[in-house]
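Undergrad: The sequence shown begins at 109 in the working numbering and counts up one residue at a time.
All residues carry an ideal CB built from backbone N, CA and C; glycine is no exception.
One structure, pasted below without further comment.
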Amino acid sequence: MTTTGIRLHAPAAGWSIAADVVVVGSGVAGLTAALRCEAAGLRTVVVTKARLDDGSTRWAQGGIAAALGEGDTPEQHLDDTLVAGAGLCDEDAVRLLVTEGPGAVRRLIETGARFDESSEGDLELTREGGHHRRRIAHAGGDATGAEISRALVEAVRARGVRTVENALVLDLLTDADGRTAGVTLHVMGEGQHDGVGAVHAPAVVLATGGMGQVFSATTNPSVSTGDGVALALRAGAEVSDLEFVQFHPTVLFLGPDAEGQQPLVSEAVRGEGAHLIDADGVRFMVGQHELAELAPRDIVAKGILRRMLEQDAEHMYLDGRHFGAQMWEHRFPTILAACRAHGIDPVTEPIPVAPAAHYASGGVRTDSHGRTTVPGLYACGEVACTGVHGANRLASNSLLEGLVYAERIADDIVANGLPARVPQPVPHPEIPEHPLQTPEARFAIQRIMTGGAGVLRSAGSLAKAADQLQRLHTDAREALAEHGKTAEAGVDTWEATNLLCVARVLVAAALLREETRGCHWREDRPERDDAAWRRHIVVTLNPDRTLAVHTTDTTHFPTTLPPQAPQEQ
Numbered sequence: 109m110t111t112t113g114i115r116l117h118a119p120a121a122g123w124s125i126a127a128d129v130v131v132v133g134s135g136v137a138g139l140t141a142a143l144r145c146e147a148a149g150l151r152t153v154v155v156t157k158a159r160l161d162d163g164s165t166r167w168a169q170g171g172i173a174a175a176l177g178e179g180d181t182p183e184q185h186l187d188d189t190l191v192a193g194a195g196l197c198d199e200d201a202v203r204l205l206v207t208e209g210p211g212a213v214r215r216l217i218e219t220g221a222r223f224d225e226s227s228e229g230d231l232e233l234t235r236e237g238g239h240h241r242r243r244i245a246h247a248g249g250d251a252t253g254a255e256i257s258r259a260l261v262e263a264v265r266a267r268g269v270r271t272v273e274n275a276l277v278l279d280l281l282t283d284a285d286g287r288t289a290g291v292t293l294h295v296m297g298e299g300q301h302d303g304v305g306a307v308h309a310p311a312v313v314l315a316t317g318g319m320g321q322v323f324s325a326t327t328n329p330s331v332s333t334g335d336g337v338a339l340a341l342r343a344g345a346e347v348s349d350l351e352f353v354q355f356h357p358t359v360l361f362l363g364p365d366a367e368g369q370q371p372l373v374s375e376a377v378r379g380e381g382a383h384l385i386d387a388d389g390v391r392f393m394v395g396q397h398e399l400a401e402l403a404p405r406d407i408v409a410k411g412i413l414r415r416m417l418e419q420d421a422e423h424m425y426l427d428g429r430h431f432g433a434q435m436w437e438h439r440f441p442t443i444l445a446a447c448r449a450h451g452i453d454p455v456t457e458p459i460p461v462a463p464a465a466h467y468a469s470g471g472v473r474t475d476s477h478g479r480t481t482v483p484g485l486y487a488c489g490e491v492a493c494t495g496v497h498g499a500n501r502l503a504s505n506s507l508l509e510g511l512v513y514a515e516r517i518a519d520d521i522v523a524n525g526l527p528a529r530v531p532q533p534v535p536h537p538e539i540p541e542h543p544l545q546t547p548e549a550r551f552a553i554q555r556i557m558t559g560g561a562g563v564l565r566s567a568g569s570l571a572k573a574a575d576q577l578q579r580l581h582t583d584a585r586e587a588l589a590e591h592g593k594t595a596e597a598g599v600d601t602w603e604a605t606n607l608l609c610v611a612r613v614l615v616a617a618a619l620l621r622e623e624t625r626g627c628h629w630r631e632d633r634p635e636r637d638d639a640a641w642r643r644h645i646v647v648t649l650n651p652d653r654t655l656a657v658h659t660t661d662t663t664h665f666p667t668t669l670p671p672q673a674p675q676e677q
């Protein structure tokens, strides 16, 4: 295994921490992995970009899906997941998810998470799009993510897990053989550590969340800039299925020029019986799918977009007026407050909604134990591509995937042990290998991606986006090569550089996949083509910073790397 040798331009590390495992991210996946590793006696450090309780998990409204209800089975959950994934799920990965999922949720409850219960004391389960059963456990009505985050953060603090907050991870450290040796990171603000440093560890778990900020409007927080995927690419790891970005159908419409994080209107609102209507009050999803408004997300998003195009409208409406004030206040207090904050009262008027970037179904390619193609590097949660989601994630499977695969990663690290000899990182090159983008490039990338690689794509729009992104990339390289200049190292420039990296990969994959499947909608290739495209697209970064793109032979991923046996003393 050889790495690319590419690293972000950054100052040398001025401090270091030694650990057995470093977990990057503090959402459900990261904290679950950290707690399990710590419980096994491993020296574990959690690095998080914001505060410990400020990850993407806390924004999750709907809930967590698992076969926990009477009459429901993992097999039924598997069937719904495979249908949503549009023929591209790895069935073995899905079977692991749905089989181990109920136990993982129960362990989460044992950790301290409190889910909503019926008057009889049973879990109160609801339905969301693509599910044929009520299997979504929720908390605080529509504040499930916040409750899960609260429980896990309290457990991490109670057990004394070492944490480094407000820290942007930069690059993977590797030894001469390409094996993981830790990470470099930059701590923002004052604290025990400040500036660029390193955590030296033979096992690194990426749980950095998504990359929604690559688009102008997204449900993702501002920290979701694809840092984990970009780091993995620079380290030589394989990334897969990045073209499958799920656009949530019902995001509160705040105007055509709205940018940044947008308020989500959970799928659970439709699960409880709200209807999608146009300006004339017509339920346009009826007849388009057997589940109407509860069809899988890609189908609902396309239905909304089609109606918008037909009527030259900027948005559609979600009508839950028949719920009444009491149900809105009890079941959806967070959504009710967000709508009212923007001058809309769902109790008396329909909610204007439109699709916005929400979730990356693809990411760093892993096997069933979360192992990537770089020895010692693991990935779980939204940053990973386990094969579970295929071409379109089933609603509320994301929190479950984070739980299940985080547990599997921790178990793999414990079972296979750590190398007897601590890997020694190869020094950073003296000359910066990777030019940085200016802070302003972030907005240019978002406009390019929204215009060319959004919900509706075509060969023309994608080719234009690829050219524009390449120009940003080339200009920065030429400035470095000819004048020895790059943008000043800092959080804004590192984030913009990471966004450009993941944007280039996403567009390359979307341009190559000449079909419409799941949440990848090609206007010029409107049909699904199983013969040519029922396979995954895998991308790596070459040492010269070009992209290497290939496809798998089947829907199953090839194996990553075998477990690393402990080295002899």
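Smallest Cα separation from Ala465: which of Leu426, Ala561, Ile521 and Leu544?
TA: Checked all of Leu426, Ala561, Ile521 and Leu544; the closest Cα to Ala465 is Ala561.
Undergrad: Is it the case that the segment 214-221 contacts the segment 659-670, given that we only count it when at least three CB pairs across the two stretches are under 8 Å?
TA: Output reads no: the segment 214-221 does not touch the segment 659-670.
Undergrad: Where do the ends of the beta strand (DSSP E) carrying Met296 lie?
TA: Here Met296 belongs to no beta strand (DSSP E), and DSSP marks it neither H nor E.
Undergrad: Just to confirm, is the Cβ distance from Val269 to Val153 under 9 Å?
TA: Yes.
Undergrad: If you draw a straight line from the alpha carbon of Arg429 to that of Pro454, how long is it in whole angstroms?
TA: Between Arg429 and Pro454, the C-alpha separation is close to 6 Å.
Undergrad: Mapping the DSSP letters down to three states, classify His591 as helix, strand or coil.
TA: In the structure shown, His591 sits in a helix (DSSP, three-state: H, G or I).
Undergrad: Please give the ranges of any beta strand (DSSP E) in the segment 380-424, keeping only runs that are unbroken, at least 3 residues long and fully inside the region.
TA: Counting only runs of 3 or more, we get 383-385.
Undergrad: Could you check how far apart the C-beta atoms of Ala175 and Val610 are, in whole angstroms? I think they sit under 8 Å.
TA: The pair is not a contact, with the Cβ atoms about 33 Å apart (cut-off 8 Å).
Undergrad: Please state whether the Cβ-Cβ distance between Ala604 and Arg653 is less than 9 Å.
TA: Cβ distance not < 9 Å, so Ala604 and Arg653 don't count as in contact.
Undergrad: By the 10 Å Cβ neighbour count, where 16 or more other Cβ atoms means buried, how is Lys593 classified, buried or exposed?
TA: Classification of Lys593: exposed, given that the 10 Å Cβ count is below 16.
Undergrad: Give me the residue from Gly286, Leu577, Val615 and Met296 with the minimum Cα distance to Thr481.
TA: Nearest of Gly286, Leu577, Val615 and Met296 to Thr481, Cα basis: Gly286.
Undergrad: According to DSSP, what are the bridge partners of Ala126?
TA: According to DSSP, which records beta bridges pairwise, Ala126 is partnered with His308.
Undergrad: Figure out for me which residue from Leu350, Ala462 and Ala421 has the closest Cα to the Cα of Ala492.
TA: The candidate whose alpha carbon is nearest that of Ala492 is Leu350.
Undergrad: Exposed or buried, which one is Leu417 when buried takes at least 16 other CB atoms within 10 Å?
TA: Exposed, because fewer than 16 other Cβ atoms sit within 10 Å of the Cβ of Leu417.
Undergrad: Is it buried or exposed, Ile622, if we count other Cβ atoms within 10 angstroms and call 16 or more buried?
TA: It should be pointed out that residue 622 corresponds to Glu in this sequence rather than to Ile. When all chains shown are included, Glu622 counts as exposed.
Undergrad: Just the C-alpha distance for Val129 and Val291, rounded to the nearest angstrom, thanks.
TA: Rounded to the nearest angstrom, the two C-alpha atoms are 11 Å apart.
Undergrad: For a test of the three-state rule: what should DSSP assign to Leu314, helix, strand or coil?
TA: Of the three classes helix, strand and coil, the one that applies to Leu314 here is strand, per DSSP.
Undergrad: Counting only runs that start and end within the segment 195-281, where is the beta strand (DSSP E) found for 3 or more residues in a row?
TA: Counting only runs of 3 or more, we get 270-272.
Undergrad: Return the bridge partner residues of Pro460 from the DSSP annotation.
TA: Pro460 pairs with Tyr425.
Undergrad: So, are the CB atoms of His117 and Leu544 less than 9 Å apart?
TA: Yes, Cβ-Cβ distance for His117 and Leu544 is below 9 Å.
Undergrad: For Thr111, which option in Leu607, Thr358, Arg342 and Ala275 has the closest C-alpha, if you only look at C-alpha atoms?
TA: Out of Leu607, Thr358, Arg342 and Ala275, Arg342 has the C-alpha closest to the C-alpha of Thr111.
Undergrad: Helix, strand or coil for Ala121, going by three-state DSSP, please let me know.
TA: Ala121 falls in the coil class under three-state DSSP.
Undergrad: Please go through the same chain and pick out, in chain order, the residues whose beta-carbon is closer than 7 Å to the beta-carbon of Ala366, but skip the five residues on each side of it.
TA: Excluding residues within five positions, the ones whose Cβ falls inside 7 Å are Ala325.
Undergrad: If you drop the 5 nearest sequence neighbours on each side, which residues of the same chain put their C-beta closer than 8 Å to that of Gln672?
TA: Because Gln672 carries a pLDDT of 45, less than 50, the predicted location of this residue cannot be relied on, and no value is offered for it.
Undergrad: What are the boundary residues of the alpha helix (DSSP H) that Arg516 is part of?
TA: Start and end: Asn505 to Asn524.
Undergrad: So what does DSSP say about Pro371, is it helix, strand or coil?
TA: Note: Pro371 maps to coil in three-state DSSP.
Undergrad: Where Ala340 and Gly334 are concerned, what is the direct C-alpha to C-alpha distance, given to the nearest angstrom?
TA: Rounded to whole angstroms, Ala340 to Gly334 spans 10 Å at the Cα level.
Undergrad: Taking its Cβ as the centre, do 16 or more other Cβ atoms sit within 10 Å of Pro119, making it buried, or is it exposed?
TA: Pro119 comes out exposed.
Undergrad: Provide the residue span of the alpha helix (DSSP H) that contains Leu139, from first to last.
TA: First-last of the alpha helix (DSSP H) with Leu139: Val136 to Ala147.
Undergrad: Out of Gly249, Ala382 and Ile256, which has the shortest C-alpha to C-alpha gap to Glu85?
TA: For residue 85 there is no data in the structure shown, the boundaries of the chain being 109 and 677.
Undergrad: So Ala421 and Ala376 are supposed to be a Cβ contact under 8 Å. How far apart are they, rounded?
TA: Actually they do not touch by this definition, with Cβ atoms about 25 Å apart.
Undergrad: For Asp427, count neighbouring C-beta atoms within 10 Å of its own C-beta (all shown protein chains included) and say buried if the count is 16 or more, exposed if not.
TA: Its Cβ being crowded by 16 or more others within 10 Å, Asp427 is buried.
Undergrad: For Asp475, which option in Trp629, Arg439, Tyr425 and Asp520 has the closest C-alpha, if you only look at C-alpha atoms?
TA: Answer by Cα proximity: Asp520.
Undergrad: Just to confirm the assignment, what range does the alpha helix (DSSP H) spanning Gln434 have?
TA: Taken as a continuous stretch (DSSP letters only), the alpha helix (DSSP H) holding Gln434 covers Gly432 to Arg439.
Undergrad: Just list the alpha helix (DSSP H) runs in the segment 314-373, keeping only unbroken ones of 4 residues or longer that don't cross its boundaries, in chain order.
TA: Whole alpha helix (DSSP H) segments, 4+ residues: 335-342.
Undergrad: Taking 9 Å as the cut-off, decide whether the C-beta atoms of Ala445 and Leu360 are in contact.
TA: No, they are not a contact pair.
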